[in-house]
Each structure stands twice: as C-alpha cells, then as structure tokens.
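In this note's numbering, the protein residues as written are 47 to 206. Glycine residues also receive a C-beta, built at the ideal position from the N, C-alpha and C atoms. The structure under discussion appears below in the form of structure tokens.
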C-alpha cells in the first residue's frame with residue numbers, strides 16, 4: 047500500500063474519531079426536559095420572588111437542591127457543580143465575595159450574587175440570539191431555584 051493511501055486512511059480514521067467524540071458530547075446531555083422538583087417539605091415562599099436565598103444553610107433545602115441540581119443542571123454545569131467546560135463552574139459563583147473583609151460589604155456582595163443567580167435561572171442566558179441557558183421561569187418554582195442555590199453554597203470553591 048502506498049504512503050499516500052495510508053495517510054488518507056489515517057486522516058479518515060482521525061476524522062471519524064473526532065466525529066464520534068463530538069456526537070458523544072452532544073448525546074451526553076441526554077434528555078434536556080426540565081424535571082419536576084418536589085419541594086413540599088420546604089417552607090413555601092409565595093409568588094413574589096425573594097432577593098436573597100431564604101434557604102441558606104437549610105439542610106432540607108440542601109437535600110432537595112442536590113436532587114434538583116442533578117436532575118436539571120448537572121448535564122451542563124457538571125456533576126457536583128464541577129464544570130466540564132460546557133457551562134460555567136457554579137462552585138465559583140460567589141468567589142468575588144470571598145476576599146471582602148467588611149461584613150456588610152460581603153453580605154451585600156452575596157445578596158447581589160443571589161439576585162444574579164435567580165435572574166439567570168429565571169430568564170436564561172442568550173447572546174446574539176444563541177441560547178446558552180434556557181429560561182426556567184414558569185418551569186421551576188421559586189422553592190426549587192433557591193434550594194438549588196442552597197446546594198451550590200455547599201459546593202463553593204472558596205468558602206465564605
């Protein structure tokens with residue numbers, strides 16, 4: 047067999063391997079239909095959205111949030127909130143607040159992150175017409191959204 051034919055065959059195999067890898071990444075997302083979250087054990091929050099996480103350090107909310115995260119967020123943001131590069135690593139969400147020494151400034155920073163988080167989940171992320179994250183408003187109730195945030199706070203890269 048000529049060297050030319052061997053190179054062509056190797057290129058074809060390389061291309062097929064790259065296509066198979068790309069296909070497996072696409073299929074790894076699986077069913078992206080949002081999954082229901084059972085929040086009946088949590089205090090109900092009503093219709094008006096809170097500006098801060100009312101479930102911070104709430105063990106029941108963390109348990110609900112862990113399950114809700116795995117069902118609805120992990121396919122893009124990674125298992126245990128460790129991103130594989132598809133979407134932001136949510137363990138780093140509060141990192142800007144960590145270095146603040148003043149308690150009032152730190153609390154304000156955490157509140158701003160809570161607002162950013164809730165807005166991102168509710169409205170999704172779209173740039174130049176491309177959907178980077180679907181909106182979950184009307185799909186996940188407030189209790190589910192805040193319980194996921196309570197879980198994420200246990201996964202922080204740099205504890206507050």
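Within 8 Å, strictly: CB atoms of residue i and residue j
i: residue 137; j: residue 202; result: yes
i: residue 103; j: residue 88; result: no
i: residue 181; j: residue 169; result: yes
i: residue 80; j: residue 91; result: no
i: residue 193; j: residue 110; result: yes
i: residue 186; j: residue 163; result: no
i: residue 143; j: residue 198; result: no
i: residue 167; j: residue 128; result: no
i: residue 189; j: residue 85; result: yes
i: residue 132; j: residue 122; result: yes
i: residue 98; j: residue 160; result: yes
i: residue 204; j: residue 141; result: yes
Three-state secondary structure (DSSP) of residue i
i: residue 96; result: coil
i: residue 74; result: Summary for residue 74: the model assigns pLDDT 43, below 50, so the residue's position carries little reliability; its value from the coordinates is reported in the next sentence. DSSP places residue 74 in helix when its eight states are reduced to three.
i: residue 118; result: helix
i: residue 153; result: helix
i: residue 82; result: coil
i: residue 198; result: helix
i: residue 160; result: helix
i: residue 138; result: helix
i: residue 204; result: coil
i: residue 129; result: coil
i: residue 187; result: coil
i: residue 166; result: helix
i: residue 193; result: helix
i: residue 103; result: coil
i: residue 264; result: This structure cannot speak to residue 264, because the chain is shown only from 47 to 206.
Counterpart residues of residue i in DSSP-defined beta bridges
i: residue 173; result: 176
**Prompt:** Using 8 Å as the Cβ pair cut-off and three pairs as the minimum, do the stretch 160-176 and the stretch 106-115 touch?
**Reply:** no
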